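Using our numbering, you'd call the opening residue of the first sequence number 882 and step up by one each time.
Below is one structure, written out as structure tokens; comments come after it.
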Amino acid sequence: MIANELQKIVGTKLEHPENENWGDYAVFVKPGAEADEVIKKLRELEFVESVARTGGFVNIKLKDAYFSNLIARVITDSEWGKSSMFGDKRVMIEFTDPNPFKELHIGHLYSNTVGEAISRLFEANGAVVKRACYQGDVGMHVAKAIWGMMRLKLGKNVTAKSLGEAYAAGATAFEDNSEAAAEIKELNIKLYEAKSAEIMKLYELGKRESLMYFDGIYKRLGTKFDFMYFESESGKKGMQVVEEGLGKGVFKKSEGAVVFEGEKYGLHTRVFVNSQGLPTYEAKELGLAPTKFADFPYDLSVIITANEINDYFRVLLKCLDLLYPDLAKRTKHIGHGMVKLPGMAKMASRKGNVLTAEWLLDEAKKKVLEIAPDATDPDAVGVAAVKYAMLRSGIGRDIEFDIDKSVSFEGSSGPYIQYTFARTQSVLARAKGQGLGAKFDLALSTKHLALNEEEL
RNA sequence: GCCCUCGUAGCUCAAUGGAUAGAGCAACUUCCUUCUAAGAAGAAGAUGGAGGUUCGAUUCCUCCCGAGGGCACCA
């Protein structure tokens, strides 16, 4: 707000000086009459204490009263920090995207953390946000799991754990046993056809169990999805879209499959419908875009996935651009990095587990209890520790996750922030109890406040 | 082979083309405690390499070295 006013006058980029003793804002101007004019105008502003020229920089110092005023607002205004920057822009954000019949692993946990954080940022800035989760409920991984369910004779008492075992059995058999592999491929087609009552019963059972399990994790993490999408549905729509695109010459038939030749756009060729006549993820995603828009006509659609499919998304967005240019313009893909757990990865794999979100959250909770045995809500602290560790570095980069540092009450960690917040709150409450609240009057200088903080 | 990321202090991360490249952790010095756990102050420490553009480059361009990912029927 104050920066905006300054910005108007200086015209060029406004920045903060390296050294705060020089001023609160600074701007680089070329010497000359223009600079003098700018300085003169700045000096006329009521909240400006001084304006000084140092080399090519003009340093602006604001009055102390401005800051004490600001602090008073931060404390009293519960809406502080929010804005209406995005007006009532409609934003759909897709993230997490786990696959039923499989584990929700730490990569999904990262996606969820990033997606939820971005969602909240948009919300805090005035956007209407809808959270979407897109889940692979068809495909080879499902066939493997169902094959495993049949082999392990899993009945009504299927659990998330036994489902994981079923998938593992199917995946192993697929690799080691060519007979089983053939059965699984056949099963996959049957699942797409959805005609066998016996198979579909197992399918529904497993899917429901998976989704319930995911739901528990979302609750734990504090995410609630507005839209749940499934590949089984987007696949049908995707087939239609590809069919249309084939007519328009966007796609080509090649070796029994339907492909998009991306080379002419500096991209690569990808398969949209395989030679078995089944839609690949590409076709499904293409079908998803118009479906999402029909459900919630968005101004912006954000899709968050692991960055290993960045190139794939470039191809996909090009196709979308050729078929639905208005949707393509509103679509933004964000690729996040991998989560690496040096040390812990070995520990987990020795137990024969994939690194699941649940496992990591449980570990964090355990560690919190080791440090603070009397913590009132160790799980919340553990969740904060994990989330903060994931958000503290750039989204596109891989994360070196160090669980001990993440749960530490010192340094750059979630628990440190929670702890500090709790302490300041308790100090403020105590000050209020002693009638010291009124100390934050507008004339109070920042120096006094800084001193107070140290005393506290 | 081609395409995309990335390379900053011992480690993990910052830095819309701007001033002396910032933090946290670890290590170091000093102090306080000294039964542990911990606490306070201070100093030290970095842009992978070579060119180029620019008044000015961690940032943009070229080449080299190194790491990761992707390149047709998985997502």
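All C-beta atoms in this analysis are idealised placements derived from N, C-alpha and C, irrespective of residue type, glycine included.
Note that the structure is predicted; figures quoted are calculated from it, not measured.
Using only alpha-carbon positions, find the residue among the options that is nearest to residue i.
i: residue 1108; options: 1170, 933, 1052, 1201; result: 1170
i: residue 1138; options: 1152, 1130, 1147; result: 1152
i: residue 1220; options: 1268, 1246, 1058; result: 1268
i: residue 1149; options: 1197, 1201, 1208, 1252; result: 1197
i: residue 979; options: 1275, 1017, 944, 1044; result: 1017
i: residue 1025; options: 1070, 942, 929, 986; result: 1070
i: residue 929; options: 920, 918, 942, 938; result: 942
i: residue 1147; options: 1192, 1174, 1124; result: 1192
i: residue 1235; options: 1081, 1116, 1042; result: 1042
i: residue 1181; options: 1037, 1215, 1306, 946; result: 1215
i: residue 967; options: 987, 939, 1179; result: 1179
i: residue 1075; options: 1019, 1055, 1127, 1053; result: 1019
i: residue 1132; options: 1117, 1112, 1154; result: 1154
i: residue 1105; options: 1254, 1000, 931, 947; result: 1000
i: residue 1176; options: 917, 924, 961, 971; result: 971
i: residue 993; options: 975, 1115, 919, 1113; result: 975
i: residue 985; options: 1283, 1303, 1242; result: 1242
Residue i and residue j: beta carbons closer than 8 Å?
i: residue 1289; j: residue 1273; result: no
i: residue 1245; j: residue 989; result: no
i: residue 1022; j: residue 991; result: no
i: residue 1087; j: residue 982; result: yes
i: residue 1101; j: residue 1264; result: yes
i: residue 1029; j: residue 1063; result: no
i: residue 837; j: residue 1158; result: Because the chain is modelled from 882 through 1337, residue 837 falls outside the range shown and cannot be assessed.
i: residue 1006; j: residue 959; result: no
i: residue 1092; j: residue 1027; result: no
i: residue 995; j: residue 1276; result: yes
i: residue 939; j: residue 969; result: no
i: residue 1161; j: residue 1184; result: no
i: residue 1172; j: residue 1115; result: yes
i: residue 1285; j: residue 1248; result: yes
i: residue 1165; j: residue 1112; result: yes
i: residue 1201; j: residue 1209; result: yes
i: residue 1224; j: residue 1279; result: no
i: residue 1031; j: residue 1072; result: no
i: residue 1014; j: residue 1040; result: no
Indicate the three-state DSSP secondary structure (helix, strand or coil) for residue i in the structure shown.
i: residue 1318; result: In this predicted model, residue 1318 has a pLDDT of only 46, less than 50, meaning its place in the structure is not dependable; the value taken from the coordinates is given anyway. In this structure, residue 1318 counts as helix in the three-state DSSP scheme.
i: residue 1042; result: helix
i: residue 1047; result: helix
i: residue 1006; result: coil
i: residue 1166; result: helix
i: residue 1012; result: strand
i: residue 980; result: coil
i: residue 1181; result: strand
i: residue 1176; result: helix
i: residue 1055; result: helix
i: residue 946; result: helix
i: residue 1273; result: coil
i: residue 961; result: coil
i: residue 967; result: coil
i: residue 1259; result: helix
According to DSSP, which residues form a beta bridge with residue i?
i: residue 1237; result: 986
i: residue 1109; result: 1014
i: residue 928; result: Answer by DSSP bridge pairing: none, since residue 928 is not bridged.
i: residue 1216; result: 1186
i: residue 1133; result: 1140
i: residue 1221; result: 1281
i: residue 974; result: 1012, 1183
i: residue 1160; result: 1154
Just mark residue i as buried or exposed, buried being the case when its beta carbon has 16 or more other beta carbons within 10 Å.
i: residue 1331; result: No answer about residue 1331 holds up, because its pLDDT of 27 lies below 50 and its placement is not dependable.
i: residue 1270; result: buried
i: residue 1281; result: exposed
i: residue 956; result: exposed
i: residue 1298; result: exposed
i: residue 1141; result: buried
i: residue 1257; result: exposed
i: residue 973; result: buried
i: residue 1053; result: exposed
i: residue 1124; result: exposed
i: residue 1059; result: exposed
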